[in-house]
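Trainee: So the protein sequences, as listed, match chains R and V. With my numbering as the guide, the letters of the first sequence map in order to residues 5 to 358. With my numbering as the guide, the letters of the second sequence map in order to residues 5 to 358. Using N, Cα and C, we set each Cβ at its ideal position, and we do this for glycine too. Structure provided below as C-alpha cells; questions to follow.
Protein chains: 2
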Amino acid sequence: MPYKGIIEKYRKYLPVSDETPIISLHEGNTPLIQAKNISKKLNFNGEVYLKFEGMNPTGSFKDRGMTMAISKAIESGSKAVICASTGNTSASAAAYAAKAKIKCVVLIPEGKISFGKLSQAVIHGAEVLEIDGNFDEALDLAKDLSSRYPITLVNSINPFRIEGQKTAAYEVCESLEESPDYQFMPVGNAGNIAAYWKGYKDYNKAEPEKYTLPKMMGFQAAGSAPIVEGHPIANPETVATAIRIGNPASWKIAEEARDESCGVIDKITDEEILEAYRIVAATEGIFCEPASAASVAGFIKYTRQNYFKDIGPVKVVCVLTGHGLKDPNTAVTNAAKSKKVRVNIEDIVSVIGL
Amino acid sequence: MPYKGIIEKYRKYLPVSDETPIISLHEGNTPLIQAKNISKKLNFNGEVYLKFEGMNPTGSFKDRGMTMAISKAIESGSKAVICASTGNTSASAAAYAAKAKIKCVVLIPEGKISFGKLSQAVIHGAEVLEIDGNFDEALDLAKDLSSRYPITLVNSINPFRIEGQKTAAYEVCESLEESPDYQFMPVGNAGNIAAYWKGYKDYNKAEPEKYTLPKMMGFQAAGSAPIVEGHPIANPETVATAIRIGNPASWKIAEEARDESCGVIDKITDEEILEAYRIVAATEGIFCEPASAASVAGFIKYTRQNYFKDIGPVKVVCVLTGHGLKDPNTAVTNAAKSKKVRVNIEDIVSVIGL
C-alpha cells in the first residue's frame, strides 16, 4: 500500500474511527538522516541523526498535528477553523482547511511573521488578520471567538494536535529499529516535546525491551526561555521566531516530559542557534529554519561541555522542525554574499581560485 | 529497511556500483496525492493525481538527479562542481555538495533568481557568482570551465541527472499499481519529460502487462516556448522562472518522448499558469512554485477543450516540480492581502463575517 499520511499509518494509536473523514496531504514519513559530518566535526563518540520535519507538505512538523485537528473538526461538523500563529501553524491550518474545503481564519501579531509563512497562509486562501497586539493577545482572541462562535480552534491547545505530532517519535523508533538514547528538541509552545515523549512512551509500552525511553533534551532561546527562567516572559525576543513564545501552552506537560525522562530543558543564545543553523546547512546539506537549529545548538553545547564524556557511544536524535525556505531572509543575512562578475572566464577563475 | 533515497531503492536501474559512494539526503519517495477537489471543479470524468516533488529535501525534483550527479562526481574523484542555474539546480547542487564536502560554484544570471532559491545556495556554502549575462551565457561559461579545469558540470547535460530523475516515474507506477494514462509536465530545459518517459519505458519493459505507456503531455510557458515555436527564443519571459529557458538542453529527447508516446508539447499563458497555481493551493492545499503549475494549467486547458471527452475514465498525473516556498513573492502578489484589525472581538467578527 502506498503511504497515505500519519492517520492511515498509525490509526490504532490515534483517536479516530472509521467515521472520521481523513484530511491528509501525506504528511509524515520524513527522513532520519545520519549527520556524520557534524559528528566528526565535534569528535562525538556516538551517532547523531537529524529528523528533518521540513519535508512535511507545508514545510514543518505542524502538519502531523493539523491532519488530526482538521479531520476531527470535519468529523464534528465544523465549517471553519481559527488559529493565532507566528507562522507555521497558520501555514498548516490554511493548507489543510483548503483541502477540507472549510474556511480558515488566521490571527497574526502585526509584523511578527516570516515572509515565507505569510505567503503560505494567503495562497491557501486563509483570511489573514494582522492584529495590533502580541501573540498572547492573538491567542486570547482566537480562544474567545471559538468559544462564542461556530469555529474550531486549531492552536496547540487543540488536544488532537499533540496526538498527531507524537507519530514523529514512532517513525524515529522504526527508522533506528530501537529508541535513541537522547532526543534533542527546540522548545517554544512546548507541545512538541510533550508529543515526542508521549510517542516514545507508547512504543515503550508496546515493546519495552525493544523501545527503551530516551532522555528528552529541550532547548529554548535565551531571550524567550520562560520554562528555564521559571516565569512567563512579557516580551520574548529571538531570531528563532517559531519558538518566540513567552507563555507556553504546554508548559506543565513539557516539564513532566523532562522530569519523567531524566532530561533537561535549557536555553541557548541566538548566536549558538545561528551557528548550528549554518553548520547544519553547510556540513549536512540540510536547510532548516532558525528555530529548528535550537536542537542541534543544544547538542553542540552539551557535547562541548563534555556531557556525554563518560557515557559511552550513544544514539542522539535532533529534530529539525521546519524547512529553511520558511525564512529566506535569515539565510541571506547569515551567509556569504553572492558576488557579481563579468561574463569572462579568467575573471571567474580568479574569483573561484581554481 | 528505512527508506534511504533513490539510489539505494532503485540501484538496479541506475548506473552505480558497490564502489559508488552514495551522497543522499533521502530524496524521492514523494507523495502522489489525489486531487479530488480539482477533478470535481472541472467535472472531470476520471482520476487526477498530483506528484508533489516539492517534498524533496531542497524543495524540488532536482534532488533526484543531483544525488546521482554528485555521487558519480565523488566516485570519479572530483573535488568541485559547477552549474549555471536560475535557481532549483543551484539549490540542489549546493546542498549535495555540502553533504559530500566538496566545493560548489553557481553561476546565475544577474537578478534572475528567486529569493528563496538564492537563500539556499548561499546558506549551503556555495560560491554564488552573478554574471552580467543571461542563462545561456552562464551555461556556456560553466561548460567552458568544466572542460578546462578539474571541476564537474552538474547541469542537466550531465547524463546522470536524467538517470536519477526517471525514478519519479517508477514511484508513480508503484503508487497507482499501474501506469497513468496521461502524464502532464512543465517543460523548461526539457530534461524531466525525457526522464519520466525513460522511467515509464523501464517499467513497461520489465512488466509490459502491468505498466503500459502513458501519453506524455508537456507544457511550456507561452513567452518561453521554443519547442512549440520550433526555434530558440532569445529573450524568454514568464512568471514561471524555473521554466524560463530559451534553448532547452534536452530539446531533441523531449520531442522523442512526445512522439513515441503520442503526446503533445504545447504552451500555456502566464495567466493560465497563475490560475492553476492558485487553484492547486486554494482547493488542494498544495503550495507549488509557479512553473510547477504549468502541468495543472495544461490539464485544465485540455479538459476545458474537451480533449478527454470521448475517451472514458482515465488516470492523469500532473507533476508539481517544486515547492511554493521557493518563490514567496509570487504567492503574496497573487493572493488576497492580509488585513489589519484592532484587538477587538466585534471588529474581527465583522471582518470574518461569522
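Taking the alpha carbon of R:THR273 as the point to measure from, which residue in R:HIS30, R:ASP22, R:GLY302 has its own alpha carbon closest?
Mentor: Along the first sequence, one-based indexing puts residue 273 of chain R at 269. Cα-wise, what sits closest to R:THR273 is R:GLY302.
Trainee: How would you write the range of the beta strand (DSSP E) that R:ALA88 sits in, first residue to last?
Mentor: Along the first sequence, read from residue 1 onward, the residue named residue 88 of chain R stands at position 84. Segment 84–88, the beta strand (DSSP E) holding R:ALA88.
Trainee: Measuring only the C-alpha atoms, how far is V:PRO19 from V:ILE74?
Mentor: One-based indexing of the second sequence puts residue 19 of chain V at position 15. One-based indexing of the second sequence puts residue 74 of chain V at position 70. V:PRO19 and V:ILE74 have their alpha carbons spaced roughly 13 Å apart.
Trainee: Would you mind working out which of V:TYR17, V:ALA229, V:GLU288, V:LYS219 sits nearest V:GLN169, comparing C-alpha positions?
Mentor: Residue 169 of chain V sits at position 165 when you count from the first residue of the second sequence. With distances taken between Cα atoms, V:GLN169 lies closest to V:TYR17.
Trainee: May I ask you to list the residues that DSSP assigns as paired with V:ALA225?
Mentor: The count along the second sequence starts at 1 and reaches residue 225 of chain V at position 221. V:ALA225 is bridged to V:ILE272.
Trainee: Is it the case that the Cβ atoms of R:CYS292 and R:TYR281 are separated by a distance below 8 Å?
Mentor: For this step, residue 292 of chain R is matched to residue 288 along the first sequence. For this step, residue 281 of chain R is matched to residue 277 along the first sequence. Contact flag set, yes.
Trainee: At a CB distance below 7 Å, what residues from the stretch 127–153 of chain V approach chain R? Give them in sequence order.
Mentor: ILE127, HIS128, GLY129, GLU131, VAL132, LEU133, GLU134, ILE135, ASP136, GLY137, GLU141, LEU145, ASP148, LEU149, TYR153
Trainee: In the DSSP assignment, what residue or residues form a beta bridge with R:ILE135?
Mentor: Here residue 135 of chain R refers to the residue found at position 131 when the first sequence is read from its first residue. Answer is R:PRO113, V:VAL345, bridged to R:ILE135.
Trainee: Beta carbons nearer than 8 Å to chain R: which residues of the stretch 183–210 of chain V have them?
Mentor: none
Trainee: Are the stretch 197–217 of chain R and the stretch 338–355 of chain R touching, with three or more C-beta to C-beta distances below 8 Å?
Mentor: no
Trainee: Buried or exposed: which applies to V:ARG152, given that a residue is buried once 16 or more other Cβ atoms fall within 10 Å of its Cβ?
Mentor: The sequence position of residue 152 of chain V within the second sequence is 148, counting from 1. Classification for V:ARG152: exposed.
Trainee: In chain order, what are the residue ranges of uninterrupted beta strand (DSSP E) at least 3 long that sit wholly in the stretch 170–216 of chain R?
Mentor: 186–190
Trainee: Could you say which of V:ASN47, V:PHE56, V:LYS8, V:GLY9 lies nearest to R:GLU31 if we only look at CA atoms?
Mentor: For the purposes of this step, residue 31 of chain R is identified with residue 27 of the first sequence, where counting begins at 1. Ranking the options by Cα distance to R:GLU31, first place goes to V:PHE56.
Trainee: Pull out every residue of the stretch 234–268 of chain V whose Cβ sits closer than 8 Å to any Cβ of chain R, in chain order.
Mentor: none
Trainee: At which residue ranges does the stretch 316–344 of chain V contain complete alpha helix (DSSP H) runs of 4 or more residues, listed in the order of the chain?
Mentor: 332–337
Trainee: Near V:THR261, what residues of its chain come up, given a Cβ to Cβ distance below 6 Å and the 5 sequence neighbours on each side ignored?
Mentor: In the second sequence, counting from the first residue as 1, residue 261 of chain V sits at position 257. Reading the sequence as shown, one finds Ala at residue 261 of chain V and not Thr. Excluding residues within five positions, the ones whose Cβ falls inside 6 Å are ILE197, ALA198, TRP201, MET220.
Trainee: DSSP beta-bridge partners for V:GLU259?
Mentor: Counting from 1 along the second sequence, the entry for residue 259 of chain V is found at position 255. Beta-bridge pairing links V:GLU259 to no other residue.
Trainee: Per DSSP, what kind of secondary structure is V:ILE106 in: helix, strand or coil?
Mentor: Within the second sequence, numbered from 1, the residue matching residue 106 of chain V stands at position 102. Here V:ILE106 sits in coil by DSSP.
Trainee: Could you tell me the boundaries of the alpha helix (DSSP H) in which V:GLY120 lies?
Mentor: As a first step, residue 120 of chain V must be located in the second sequence, where it is residue number 116. For V:GLY120, the enclosing alpha helix (DSSP H) has its first and last residue at 119–127.
Trainee: Run through the DSSP bridge pairs and tell me what V:THR156 is partnered with.
Mentor: For the purposes of this step, residue 156 of chain V is taken as residue 152 along the second sequence, with counting starting at 1. Bridge partners of V:THR156: V:VAL85.
Trainee: Counting only beta-carbon separations shorter than 8 Å, does V:ARG346 have a partner in chain R?
Mentor: Within the second sequence, residue 346 of chain V is the residue found at index 342, counting from 1. Judged by the 8 Å Cβ criterion, V:ARG346 is in contact with chain R.
Trainee: Would you mind reading off the limits of the beta strand (DSSP E) that contains V:PHE312?
Mentor: As a first step, residue 312 of chain V must be located in the second sequence, where it is residue number 308. From DSSP, V:PHE312 is part of no beta strand (DSSP E); its letter is neither H nor E.
Trainee: Can at least three beta-carbon pairs, one atom from the stretch 131–145 of chain R and one from the stretch 21–36 of chain R, be found at a separation below 8 Å?
Mentor: no
Trainee: State yes or no: is the C-beta of R:SER28 within less than 8 Å of the C-beta of R:THR71?
Mentor: If you number the first sequence from 1, residue 28 of chain R lands on position 24. If you number the first sequence from 1, residue 71 of chain R lands on position 67. Cβ distance < 8 Å, so R:SER28 and R:THR71 count as in contact.
Trainee: Step through the CB atoms of chain V and report whether any lies within less than 8 Å of the CB of R:SER342.
Mentor: Within the first sequence, residue 342 of chain R is the residue found at index 338, counting from 1. Yes, because at least one Cβ of chain V sits closer than 8 Å to the Cβ of R:SER342.
Trainee: Going straight from the alpha carbon of R:THR245 to that of R:SER118, what length do you get?
Mentor: One-based indexing of the first sequence puts residue 245 of chain R at position 241. One-based indexing of the first sequence puts residue 118 of chain R at position 114. Going by the C-alpha atoms only, they are around 8 Å apart.
Trainee: Note down, in chain order, all residues in the stretch 104–115 of chain R with a beta-carbon under 9 Å from any beta-carbon belonging to chain V.
Mentor: ALA104, LYS105, LYS107, VAL109, VAL110, LEU111, ILE112, GLU114
Trainee: The beta strand (DSSP E) with V:LYS8 in it runs from where to where?
Mentor: Reading the second sequence from its first residue, position 4 is the one you call residue 8 of chain V. Where V:LYS8 is concerned, there is no enclosing beta strand (DSSP E), because DSSP gives it neither an H nor an E.
Trainee: Can you tell me whether V:PHE56 is helix, strand or coil according to DSSP?
Mentor: Taking the second sequence and counting its residues from 1, the one referred to as residue 56 of chain V is at position 52. Reduced to three states, the DSSP call for V:PHE56 is strand.
Trainee: Looking only at its chain, what residues have a beta carbon closer than 6 Å to the beta carbon of R:ASN49, apart from the 5 residues adjacent to it on each side?
Mentor: In the first sequence, the residue the question calls residue 49 of chain R occupies position 45. Excluding positions up to five away in sequence, the list reads PRO317.
Trainee: Please state whether DSSP places R:GLU51 in a helix, a strand or coil.
Mentor: In the first sequence, residue 51 of chain R corresponds to position 47, counting from 1. Strand, per DSSP.
Trainee: Can you find a CB in chain R that lies within less than 8 Å of the CB of V:ASN41?
Mentor: To locate residue 41 of chain V, count along the second sequence from 1; it is residue 37. At a cut-off of 8 Å between beta carbons, V:ASN41 contacts chain R.
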